[in-house]
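Numbered by our numbering, the letters in the sequence shown go through residues 408 to 752 in order. Positions of the beta carbon are idealized from the N, C-alpha and C atoms, including for glycine. First comes the structure, then the notes that go with it.
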Amino acid sequence: MAAEVLFVDDNKLILQASVDLFRSQGIELLTATNAAEALELFRHHEIAVVVSDNRMPGMSGLDFLSELRQLSPDTIKVLISAYVDLATALAAINNSEVFRYLLKPWKQQEILDVVQEGLRRYRTVQDMRREDEAVLRSLAQTIELKDPNTKGHCDRVAVYALLIAEAMGLPKETLREIKYGSWLHDCGKIGISEVILNGSGRLNEDEFKTMKLHTDWGADLAEKARLSEVAKNIIRHHHEKYDGTGYPLGLKGEAIPLEARIVAVADIYDALTTDRSYRGRFLESEAREMVRSMSGAALDPDIIEVFLQVVPAGPLPSSEEVLGKVAPGEADGKRANLTLVRALA
408 MAAEVLFVDD
418 NKLILQASVD
428 LFRSQGIELL
438 TATNAAEALE
448 LFRHHEIAVV
458 VSDNRMPGMS
468 GLDFLSELRQ
478 LSPDTIKVLI
488 SAYVDLATAL
498 AAINNSEVFR
508 YLLKPWKQQE
518 ILDVVQEGLR
528 RYRTVQDMRR
538 EDEAVLRSLA
548 QTIELKDPNT
558 KGHCDRVAVY
568 ALLIAEAMGL
578 PKETLREIKY
588 GSWLHDCGKI
598 GISEVILNGS
608 GRLNEDEFKT
618 MKLHTDWGAD
628 LAEKARLSEV
638 AKNIIRHHHE
648 KYDGTGYPLG
658 LKGEAIPLEA
668 RIVAVADIYD
678 ALTTDRSYRG
688 RFLESEAREM
698 VRSMSGAALD
708 PDIIEVFLQV
718 VPAGPLPSSE
728 EVLGKVAPGE
738 ADGKRANLTL
748 VRALA
């Protein structure tokens with residue numbers, strides 16, 4: 408059964424206009440005029456995105472979306488209101504897991520973009536839940552298409568992170584989860600506008616605030632997909648800084664999960680050695696010194712030392728080649744950095 412989109416509004420003219428708009432884009436809508444009708448549809452359809460008005464006879468849109476937390480937790484929820492109501496917006500976000508809160512009258516392109524983003528988010532969760540390695544890698548590559556400057560970034564970050572983790576003697580199963588988390592560390596960018604991702608200059612303050620949301624959005628996807636704690640930690644915390652000035656939580660030192668500290672080093676080094684829209688790449692020698700200069704500030708000093716010992720001067724191996732070097736059980740016995748390994752426990 409294909410996942411569908413549902414609009415809920417007691418105004419039938421709005422419903423018909425919505426049906427016509429989305430049909431012109433090749434998307435068929437289900438419609439309901441109240442929450443009771445909508446809840447019945449959920450019993451017979453797989454609904455990927457629901458867009459609901461807030462003020463309706465009977466159950467409000469906010470209460471309806473709260474009901475869906477149990478009935479259909481993966482459905483992407485969009486609440487629409489004719490009134491600017493901060494309390495309702497906060498309740499929608501905190502109690503109903505609402506993806507977007509829009510005001511009437513909405514613009515056609517705005518609602519189209521939101522629903523299409525919701526569909527991508529829903530499909531991402533379903534793909535991640537399958538935990539099929541080929542699917543996860545393909546998903547990471549698909550996310551990269553939103554930002555042409557990062558082509559191959561997730562693969563390279565995975566290799567750098569695996570080289571570090573293998574040298575530190577982490578168990579093979581942990582290495583595998585680090586690989587998955589590295590591939591998907593930027594999956595939350597699926598909700599970030601291409602205008603922000605592909606800008607030619609540095610982000611302004613508001614754009615940076617939006618960009619920072621990708622860690623929490625990505626972690627939410629990983630939670631819904633029931634990925635491992637290692638993968639979720641990487642997705643949520645790879646922008647934390649060792650001195651506590653990072654995001655999203657401002658964690659400091661060893662309070663940052665070890666796997667996230669590892670990927671942070673890999674992520675920054677790869678960013679430095681690749682072209683970006685606002686600057687060219689640095690030479691490998693320059694990038695190594697820049698990473699070294701971040702010791703104790705942005706990055707974990709011990710992990711930097713491991714990284715500088717293992718980062719190759721020439722072509723990168725594949726993640727499969729790195730994992731293939733480690734026989735089952737072999738990594739468990741290694742203790743290249745016992746203090747850091749214990750931090751994972």
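- Within the DSSP secondary-structure output, residue 484 pairs in a beta bridge with 457, 505.
- Residue 449 sits away from residue 472, with the two beta carbons spaced by 8 Å or more.
- Between residue 459 and residue 487, the C-beta gap is smaller than 8 Å, which places the two residues in contact.
- Comparing alpha-carbon positions, the option among 431, 428, 464, 697 lying closest to residue 439 turns out to be 464.
- Counting the other CB atoms within 10 Å of its CB gives residue 578 a total of 16 or more, which places it among the buried residues.
- Less than 8 Å divides the Cβ of residue 597 from the Cβ of residue 527.
- In the three-state scheme derived from DSSP, where H, G and I count as helix and E and B as strand, residue 438 is classed as strand.
- Of the candidates 614, 436, 621, the residue whose Cα lies closest to the Cα of residue 413 is 436.
- Straight across, the Cα-Cα distance linking residue 677 with residue 461 is about 45 Å.
- Per DSSP, residue 414 is one residue of the beta strand (DSSP E) stretching across 411-415.
- In the three-state reduction of the DSSP assignment, residue 634 falls in the coil class.
- Taking residue 565 as the centre and dropping the five residues before and after it, the same chain places the C-beta of 586, 589, 590, 726 closer than 7 Å to its C-beta, in chain order.
- Of all C-beta pairs linking the segment 679-690 to the segment 643-651, fewer than three are shorter than 8 Å, placing the two stretches out of contact.
- Here residue 692 is exposed: its Cβ has fewer than 16 other Cβ atoms, across all protein chains shown, within 10 Å.
- Taking a contact to require three or more Cβ pairs closer than 8 Å, the segment 704-719 and the segment 664-675 qualify as touching.
- One thing to note: residue 523 has its Cβ no nearer than 8 Å to the Cβ of residue 428.
- Distance from residue 628 to residue 535 at the Cβ level is roughly 7 Å; contact confirmed, criterion being Cβ atoms closer than 8 Å.
- The C-alpha of residue 467 is placed about 22 Å away from the C-alpha of residue 424.
- Counting only unbroken stretches of 4 or more residues, the alpha helix (DSSP H) elements lying wholly within the segment 531-582 are 540-551, 560-574, in sequence order.
- Scanning 620, 451, 696, 592 for the CA closest to the CA of residue 568 turns up 592.
- Counting the other CB atoms within 10 Å of its CB gives residue 484 a total of 16 or more, which places it among the buried residues.
- The secondary-structure analysis by DSSP pairs residue 686 across a beta bridge with 683.
- One thing to note: residue 626 has its Cβ no nearer than 8 Å to the Cβ of residue 675.
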